[in-house]
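According to this note's numbering, numbering within the sequence shown proceeds without interruption in unit steps and concludes at 542.
From the three backbone atoms N, C-alpha and C, an ideal C-beta is built for every residue, glycine too.
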Amino acid sequence: MTLGNGIRTGAQYIAGLQDEREVWTRGKRVADVTTEPGIKRGVQTLAGFLDRQHDEKYRDTVTYQDNDGSRCAMSFKIPKSKEDILAKGRAYYEWAKWSNGMFGRTPDYKNASVMSFASATSFLAQGTKGQADFSQNMTNFYDHVRTNDKVLTHTLVNPQISHAQAAAGKFSSEVALHVVKETDAGIIVNGARLLATLGPSADEIEVFPSTVLRADPANEPFAFAFAIPIATKGLKMICRDTYDHGKSHFDAPLASRFEEMDAVVIFDNVLVPWERVFMYGEPELCNQAFGATNAVVHMAHQVACGKLAKAEFLTGILVSILKATGRDRDLAMKGMVSEVMLMTETIRALLYQAEAEAHEDEYGNFIPLRSPLDTSRNLFPKYYPRMVEILQMMGSSSLMATPAEADFANDLTPDVLQYFQVANLDSKDRVALYRLAHDVAVSGFGNRQALYERFFFGPPHLMHAAYFDLYDKDRVTDRVDALLAES
Ligand SMILES: Cc1cc2nc3c(=O)[nH]c(=O)nc-3n(C[C@H](O)[C@H](O)[C@H](O)COP(=O)(O)OP(=O)(O)OC[C@H]3O[C@@H](n4cnc5c(N)ncnc54)[C@H](O)[C@@H]3O)c2cc1C
Numbered sequence: 056m057t058l059g060n061g062i063r064t065g066a067q068y069i070a071g072l073q074d075e076r077e078v079w080t081r082g083k084r085v086a087d088v089t090t091e092p093g094i095k096r097g098v099q100t101l102a103g104f105l106d107r108q109h110d111e112k113y114r115d116t117v118t119y120q121d122n123d124g125s126r127c128a129m130s131f132k133i134p135k136s137k138e139d140i141l142a143k144g145r146a147y148y149e150w151a152k153w154s155n156g157m158f159g160r161t162p163d164y165k166n167a168s169v170m171s172f173a174s175a176t177s178f179l180a181q182g183t184k185g186q187a188d189f190s191q192n193m194t195n196f197y198d199h200v201r202t203n204d205k206v207l208t209h210t211l212v213n214p215q216i217s218h219a220q221a222a223a224g225k226f227s228s229e230v231a232l233h234v235v236k237e238t239d240a241g242i243i244v245n246g247a248r249l250l251a252t253l254g255p256s257a258d259e260i261e262v263f264p265s266t267v268l269r270a271d272p273a274n275e276p277f278a279f280a281f282a283i284p285i286a287t288k289g290l291k292m293i294c295r296d297t298y299d300h301g302k303s304h305f306d307a308p309l310a311s312r313f314e315e316m317d318a319v320v321i322f323d324n325v326l327v328p329w330e331r332v333f334m335y336g337e338p339e340l341c342n343q344a345f346g347a348t349n350a351v352v353h354m355a356h357q358v359a360c361g362k363l364a365k366a367e368f369l370t371g372i373l374v375s376i377l378k379a380t381g382r383d384r385d386l387a388m389k390g391m392v393s394e395v396m397l398m399t400e401t402i403r404a405l406l407y408q409a410e411a412e413a414h415e416d417e418y419g420n421f422i423p424l425r426s427p428l429d430t431s432r433n434l435f436p437k438y439y440p441r442m443v444e445i446l447q448m449m450g451s452s453s454l455m456a457t458p459a460e461a462d463f464a465n466d467l468t469p470d471v472l473q474y475f476q477v478a479n480l481d482s483k484d485r486v487a488l489y490r491l492a493h494d495v496a497v498s499g500f501g502n503r504q505a506l507y508e509r510f511f512f513g514p515p516h517l518m519h520a521a522y523f524d525l526y527d528k529d530r531v532t533d534r535v536d537a538l539l540a541e542s
């Protein structure tokens with residue numbers, strides 16, 4: 056492990072991606088993700104964000120000085136007070152505003168998780184199988200990613216041939232990632248994982264369990280957690296179709312900037328060195344990991360800050376449309392937009408409560424209050440598609456009345472300038488606004504965003520069931536019991 060100097064520049068990040076990684080898109084292997092059409096502009100966007108860490112305007116919000124002297128991303132800071140939690144929240148929110156929440160997988164998401172695992176050292180120390188000091192491995196990994204400002208992705212979900220088999224807690228070794236061999240050097244894994252957002256343009260991938268593993272010896276080969284560089288031999292990424300079709304920022308304001316790419320990950324007999332293994336062969340430990348380390352709380356904190364920025368942005372687009380069309384006095388229209396305002400302010404209130412009630416955890420670190428964050432991450436997958444639906448209802452055919460930027464500089468220009476004006480905007484500004492709305496509510500990029508919001512934290516039915524299990528039910532049933540006892 057080589058310690059770095061903390062925050063990197065965008066140029067350093069881009070240089071780091073020019074390695075031997077095996078990424079496939081559109082039927083061919085990518086030679087260099089930093090120059091590949093459909094991927095490269097997302098890389099450039101993230102590089103620009105990393106540069107902002109050095110910018111005086113943002114530096115004190117998004118970075119901190121660690122005890123070892125390095126200036127690191129705030130998301131790596133181990134919180135020791137409520138003020139630290141508030142500072143981390145401000146950093147998450149700042150990062151999210153840079154893309155208005157449209158670049159969902161900024162590195163602070165995974166940084167929050169690594170920080171949690173590394174600061175809950177006694178949890179991983181419980182692992183007894185395999186040839187490694189798992190707790191020390193995580194401490195080393197944390198120092199590695201923190202001081203080298205590594206960009207991580209993660210993949211948690213196994214593909215399944217049969218949903219019935221999966222529901223019974225079984226995995227198919229034909230497709231699911233599993234250990235095939237243990238050697239002195241490490242474990243050899245084979246199989247596939249769904250899905251790695253940002254995978255092709257990350258430095259390293261964390262491969263952790265999230266699906267509940269039955270504590271059955273048959274499941275031990277599927278129970279592990281590790282992290283390896285994307286360029287590891289035998290690791291392949293198969294990208295979905297890109298939504299960045301090379302259009303201008305005017306024509307595709309979001310897709311031209313924030314294509315973060317998702318990929319299925321194949322592990323073709325990949326050797327994972329012991330020093331990069333964090334859990335091994337213990338399904339019960341794997342099942343507890345995200346909860347017991349409070350990683351889920353810190354990740355949900357980052358997510359709530361990002362969703363607030365995103366909800367505010369959608370509210371802003373809707374208000375801009377109302378103003379442009381002069382319909383901001385129409386009661387029905389105001390009602391539709393206020394529904395989105397209510398959702399936005401609900402997320403803000405939940406975030407506020409979580410931060411206001413931050414408290415010390417069992418490891419001596421601080422965490423936000425979990426329950427409002429759980430509420431937020433169960434609500435937003437419902438809120439976001441509804442916000443998009445309202446944008447579609449309000450945008451209607453204007454979402455289709457979208458001539459291209461080139462039409463403002465060709466023989467059609469007089470027509471375009473004449474026929475696309477609206478009450479309070481000239482044609483070009485109106486088209487720009489509706490093209491933005493289109494990229495949220497209609498385009499492939501926009502539809503993938505809605506799918507992402509529905510699923511990225513896990514299948515809704517499982518999330519809801521977990522919410523039910525964790526809910527303080529006695530608090531509500533006691534009063535029912537008390538009333539019944541009176542009769
Ligand atoms: C855009 C996008 C990005 C993603 N990025 C990542 C990533 O970076 N890393 C990562 O690890 N994962 C990622 N995911 C994957 C995500 O974690 C999974 O999509 C999610 O966990 C759901 O799993 P699944 O897709 O296998 O759905 P399934 O489990 O097949 O579920 C499909 C549908 O059926 C419903 N369902 C299934 N079983 C039941 C049941 N018993 N009762 C009721 N309803 C049921 C589910 O609620 C869901 O609506 C991403 C997903 C998307 C869409």
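Limits of the unbroken beta strand (DSSP E) element including residue i
i      : result
GLY241 : 241-252
ILE69  : From DSSP, ILE69 is part of no beta strand (DSSP E) but of the alpha helix (DSSP H) over 65-72.
PHE279 : 279-284
THR380 : Not the beta strand (DSSP E): THR380 falls in the alpha helix (DSSP H), residues 350-380.
THR532 : THR532 -> not in any beta strand (DSSP E); alpha helix (DSSP H) instead, spanning 529-541.
LEU326 : 317-328
LYS236 : 233-237
LEU309 : Taken as a continuous stretch (DSSP letters only), LEU309 belongs to no beta strand (DSSP E), as it is neither H nor E.
ARG126 : 126-128
THR399 : Premise fails: THR399 lies in the alpha helix (DSSP H), 386-411, not in any beta strand (DSSP E).
PHE333 : 332-335
8 Å Cβ cutoff met for residue i and residue j
i      : j      : result
GLY24  : ALA478 : The structure shown does not extend to residue 24, since the chain spans only 56 to 542, so no value can be given for it.
ILE62  : THR118 : yes
ALA175 : HIS356 : no
LYS548 : ASP323 : Lying outside 56 to 542, the shown extent of the chain, residue 548 is not represented and no answer is given.
PHE158 : PHE281 : no
PRO308 : ARG490 : yes
PRO214 : ARG269 : no
ALA251 : PRO264 : no
LEU428 : VAL531 : no
THR208 : GLY246 : no
PHE512 : ARG432 : yes
TYR439 : GLU367 : no
LEU363 : VAL395 : no
LYS135 : ASN420 : yes
GLN120 : ARG114 : no
SER227 : GLN220 : yes
Endpoints, alpha helix (DSSP H) assigned at residue i
i      : result
TYR438 : 425-450
LEU472 : 468-474
TRP150 : 137-154
PHE196 : 189-203
TYR164 : 163-174
ASN342 : 338-347
VAL495 : 482-496
For residue i, the nearest candidate out of the options (CA to CA)
i      : options                        : result
ASN155 : ALA505, LYS365, ARG490, GLU330 : LYS365
ILE242 : ALA187, VAL327, LYS137, PHE172 : VAL327
LEU141 : PHE345, CYS360, LEU446, VAL531 : CYS360
ILE94  : SER311, GLU237, ALA167         : SER311
ALA318 : PRO338, LEU405, LEU211         : LEU211
ASN60  : CYS127, LEU105, HIS356, GLU91  : CYS127
GLU460 : LEU480, GLY450, PRO436, ARG485 : ARG485
ALA240 : HIS304, HIS209, GLU417, VAL325 : VAL325
ASP258 : VAL495, GLU337, VAL206         : VAL206
SER453 : LEU428, MET442, SER482, THR468 : SER482
MET391 : LYS528, LYS184, TYR164, GLY450 : GLY450
MET448 : MET388, TRP329, GLY71          : MET388
LEU377 : SER217, GLU400, ILE445, LYS362 : ILE445
TYR164 : SER177, ARG114, ALA146, HIS233 : ALA146
ALA70  : VAL88, TRP79, ALA379, LEU58    : VAL88
GLY104 : LYS132, VAL234, TRP79, GLY65   : Looking at the sequence provided, one finds Phe at residue 104 rather than Gly. Checking every option, the nearest Cα to that of PHE104 belongs to GLY65.
TRP150 : GLY185, VAL235, PRO92, ASP106  : ASP106
GLU91  : PHE463, TRP79, ALA505          : TRP79
Beta-carbon contacts of residue i that lie in its chain and below 7 Å, excluding the five residues immediately before and after
i      : result
GLY499 : TYR298
ALA286 : ASP74, GLU75, ARG76
GLU410 : ILE140, LEU141, GLY144, PRO423
ASN349 : SER171, ALA175, ASP416, ILE422
GLY615 : Since the first and last residues shown for the chain are 56 and 542, residue 615 lies out of range.
ASN192 : GLU330, ARG331, VAL332, PHE333
Cut-off 6 Å between Cβ atoms - residues of its own chain near residue i, not counting five sequence neighbours on either side
i      : result
ARG295 : ASP317
GLY82  : none
ARG201 : CYS127, PHE131
Minimum Cβ-Cβ distance from residue i to chain D less than 8 Å
i      : result
GLU367 : The question asks about chain D, but that chain is absent: this structure has only one protein chain.
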